[in-house]
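Structure first, commentary second.
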Amino acid sequence: MKTTKILIIFCVLLSLQLQAQKYFTRSGITQFEASEKAFEPIEAINSSTTVLLDTNNGNIVSQVFMAGFQFKNALMQEHFNENYMDSYQYPKATFKGKLDNFSIVSLNANNSYDLNGVLTIKGIKKNIQTIVSVKVENNRIFISGSFYVNANDFDIKIPSIIRDKIAKQIEISINYELIEKK
Amino acid sequence: MNSLKKNKSFFIIFSIMIISISIISIYQYISLAPKKVVAIIPEYSGNANEFNYLVTDNLSYWISKVVQITGKVTQVNEDGILLNGTIYCQFENKKDIQSIIENQNIVVKGKLVGFDELLMEIKLNQCIIIQ
């Protein structure tokens with residue numbers, strides 16, 4: 000009887016411990032850049048990205064709202080939402096993946112990790128493989144990196160008249176500062 | 000003859016002026032910066048709980064809309080606040096947050112960017128304090 004009680008208490012404590020192993024942010028920065036040389040810069044920044052990282056196993060999920068991308072130019076922002084991304088039908092892009100061999104204990108100053116996962120934009124899934132830098136400072140986890148995606152992989156139709164002004168390979172950069180989730 | 004010549008040159012100068020004015024105004028139009036939240040009339044103003052219900056009902060209608068919400072501050076973070084535990088307001092200017100304390104009633108205006116399924120909350124950005 001006593002041992003079961005102890006076992007139950009141990010399990011409860013363990014589950015509490017496991018729950019406390021999540022880090023997150025609501026204001027991660029995701030940027031993209033699709034400029035071609037000699038043309039107007041095509042870039043936008045989203046500073047409302049939600050990211051959740053499970054430090055027990057390195058699983059990471061993130062979510063970017065299309066309406067959260069801010070352009071310098073109002074017309075460009077309107078075209079992005081209405082013509083290219085169909086933001087009302089597909090309000091967000093998600094990423095589900097894993098930092099390979101992640102361990103918070105062995106993290107010290109600066110580390111590189113392989114990030115593998117599935118990126119979903121406009122309902123279309125695509126595998127992403129990249130290397131990100133991860134560091135811990137004052138109980139905060141900083142993740143940063145960049146990777147390229149193709150516009151036509153995600154059914155983003157670019158009219159022929161401006162096709163030359165938009166890069167085919169779009170660079171996405173991420174910069175997240177995660178705090179412990181209580 | 001002379002007056003015809005005069006007319007012609009006047010016409011040329013006039014058309015050049017018209018063309019340049021229109022080019023300048025078209026350029027200004029296409030290079031306009033997006034409107035700030037301050038300058039946009041809110042599509043909705045009211046209580047956080049009621050708004051929560053409206054968004055659950057028809058999310059896509061509210062995306063990108065500017066709204067003004069009255070609610071109780073249930074959490075204060077570095078870059079934003081949580082209203083009634085369900086609406087997260089990310090602030091444009093982090094200094095604004097310093098004056099906010101937990102449990103106070105507040106009116107904020109911001110742009111709805113979506114429903115966050117990871118944290119189960121509505122997300123507004125570019126928020127400003129109204130009251």
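As you go down the protein sequences, you meet chains G and Y in turn.
Heads up: the first sequence is residues 0 to 181, going by numbering that gives the first Met the number 0.
Heads up: the second sequence is residues 0 to 130, going by numbering that gives the first Met the number 0.
The beta carbon of each residue, even a glycine, is placed where N, CA and C say it ideally should be.
- At what residues does the beta strand (DSSP E) containing GLN103/Y begin and finish? Per DSSP, GLN103/Y belongs to no beta strand (DSSP E) and is neither H nor E.
- Task: Determine which residues of the stretch 116 to 129 of chain Y have a Cβ less than 8 Å from any Cβ of chain G, and write them out in chain order.
- Result: Against chain G - using a Cβ distance shorter than 8 Å - the residues of the stretch 116 to 129 of chain Y are GLU116, LEU117, LEU118, LYS122 and ASN124.
- Task: Kindly identify the DSSP beta-bridge partner or partners of LEU118/G.
- Result: Partner(s): PHE94/G and LYS125/G.
- Please decide whether SER34/G counts as near chain Y, where near means a Cβ-Cβ distance under 8 Å. Under the 8 Å criterion on CB atoms, SER34/G is classed as non-interfacial with respect to chain Y.
- What is the DSSP secondary structure of ALA32/Y, reduced to helix, strand or coil? Under the three-state reduction of DSSP output, ALA32/Y falls in the coil class, being neither helix nor strand.
- Looking at C-alpha atoms only, which residue of GLU120/Y, GLY79/Y and PHE114/Y is the closest neighbour of VAL181/Y? Chain Y is shown from 0 up to 130; residue 181/Y falls before or after that span and cannot be answered.
- Message: So for TYR89/G, helix, strand or coil by DSSP?
- Response: When DSSP states are grouped into helix, strand and coil, TYR89/G belongs to the coil group.
- Query: Listed in chain order, which residues of the stretch 44 to 57 of chain G have Cβ atoms closer than 8 Å to some Cβ of chain Y?
  - Reply: For the stretch 44 to 57 of chain G, which is checked against every Cβ of chain Y, the residues closer than 8 Å are SER46, SER47, THR49 and LEU51.
- Item | Check whether VAL36/Y and ILE127/Y have beta carbons under 8 Å apart | Yes, these two residues count as a Cβ contact at 8 Å.
- Secondary structure at ASN51/Y, three-state DSSP: helix, strand or coil? Here ASN51/Y sits in helix by DSSP.
- Message: Quick check: ILE157/G and LEU98/G, are their CB atoms within less than 8 Å of each other?
- Response: Going by C-beta atoms, ILE157/G is not nearer than 8 Å to LEU98/G.
- Query: DSSP puts LEU3/Y in a beta bridge; with which residues?
  - Reply: DSSP output for LEU3/Y lists no bridge partner at all.
- Task: Establish whether the CB of LYS21/G and some CB of chain Y are separated by less than 8 Å.
- Result: So no, LYS21/G is outside the interface.
- Query: Can you name, in chain order, every residue of its own chain whose Cβ lies under 8 Å from the Cβ of TYR87/Y, other than the five neighbours on each side?
  - Reply: Result list for TYR87/Y: GLY79, ILE80, LEU81, ASP115, LEU118, GLU120, ILE121, LYS122 and LEU123, in chain order.
- Listed in chain order, which residues of the stretch 27 to 58 of chain Y have Cβ atoms closer than 8 Å to some Cβ of chain G? Those residues of the stretch 27 to 58 of chain Y placed with their C-beta closer than 8 Å to a C-beta in chain G are TYR28, ILE29, SER30, LEU31, ALA32, PRO33, LYS34 and LEU58, ordered along the chain.
- Item | Beta-carbon proximity of LYS180/G to TYR83/G, cut-off 8 Å | With contacts defined as CB atoms closer than 8 Å, LYS180/G and TYR83/G fail to qualify as a contacting pair.
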